[in-house]
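In case it helps, the numbering used here puts the sequence shown at residues 440 to 641. Think of the CB as a built atom: it goes at the ideal place given N, C-alpha and C, for glycine as much as any other residue. Predicted, not measured: the structure shown is a model, and the values here were computed from it. Have a look at the structure below, then the notes.
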Amino acid sequence: MQALGTIDGGTQPGCVFPRPLAAPVARRAVLAAHGEDVGEGPGRMFGINFLGCVDFARSTSYGGHVTPQSTGRLTYVPLGVDLVTLAVNQDSMIPTNWSFAQMQRVYKCFETTVANNPVVPRMLESGSSTWQVWTGPTRMSITENEIALGDYPCLANGNGQPLHPRLPENDGTVLLSKVYDVVPFSVAQFVAQGNAVPIEVV
């Protein structure tokens, strides 16, 4: 569900809607398709009657803070494990063999260079499941509250405003002509996109 454009549901009349660009939106779409109220009224999303428009959504994370259940009207079916790493422009001088500790130091704003090359850590949209995985306790261990408080001056100013616009998840085109930027990226998406855009995985 990462491609751009719109979807035509085909078998359901009126099911033409913007393709969800992040897992949380895709999960809400499944809920709306089953009649739940996700903000626009029961069974409505994207301004249309959404009942029956989608059957499932792919997600990097299940989106909850409790263990998902395997029973009920909707269920979470783990199909595989995804990895998240950093991507850089293929023309960047930033090395691709830096350590996890260096990545953490860059995203926590302790370092602004890697191997004497400037590095600009970029944030994904706050609702992105890839961003949630990247900032989680086993990865960068930073929170949206800390970002909003200005704790990380390389990411946001003292008022919590991002220094650079947040980026859509798993879109390699955001690195075009950005030789100093690094961005979290799903390894599965990197493989699936088949090097069609100039990115490299760190």
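For residue i, which of the options has the nearest alpha-carbon?
i      : options                        : result
Ser538 : Ala595, Ala554, Val626, Asp590 : Ala554
Ser604 : Leu594, Asp610, Asn598         : The residue asked about is misnamed: residue 604 is Pro in this sequence, not Ser. If we check each option's Cα against that of Pro604, Leu594 comes out closest.
Asn488 : Thr552, Glu550, Gly478, Ala496 : Gly478
Ser567 : Glu550, Pro459, Met579, Phe485 : Pro459
According to DSSP, is residue i part of a helix, a strand, or is it coil?
i      : result
Met542 : helix
Val493 : coil
Pro517 : coil
Val630 : helix
Pro481 : strand
Pro457 : strand
Thr612 : helix
In its own chain, which residues sit with a C-beta less than 8 Å from the C-beta of residue i, not counting the 5 before and 5 after it?
i      : result
Ala587 : Ala595, Gly599
Leu606 : Arg561, Met562, Leu563, Glu564, Val613, Val622
With respect to the beta strand (DSSP E) encompassing residue i, which residues constitute its N-terminal and C-terminal limits?
i      : result
Val584 : For clarity, residue 584 is Asn in the given sequence; the question names Val instead. Counting along the chain, Asn584 falls outside any beta strand (DSSP E), though it belongs to the alpha helix (DSSP H) covering 583 to 587.
Ser568 : Note, Ser568: premise wrong, no beta strand (DSSP E); alpha helix (DSSP H) at 568 to 574.
Leu525 : 523 to 528
Pro623 : 620 to 625
If I measure Cβ to Cβ from residue i and keep anything under 7 Å in the same chain, skipping five residues before and after, which residues do I get?
i      : result
Gln632 : Gly611
How many whole angstroms separate the CB atoms of residue i and residue j, which I take to be in contact at a CB cut-off of 8 Å?
i      : j      : result
Asp620 : Val520 : Not really, about 27 Å apart at Cβ, beyond 8 Å.
Taking 6 Å as the limit between beta carbons, can you name the residues of its chain near residue i, skipping five residues before and five after?
i      : result
Ile581 : Thr574
Arg483 : Phe489
Tyr591 : Cys548
Between which two residues does the alpha helix (DSSP H) containing residue i stretch?
i      : result
Leu470 : 462 to 472
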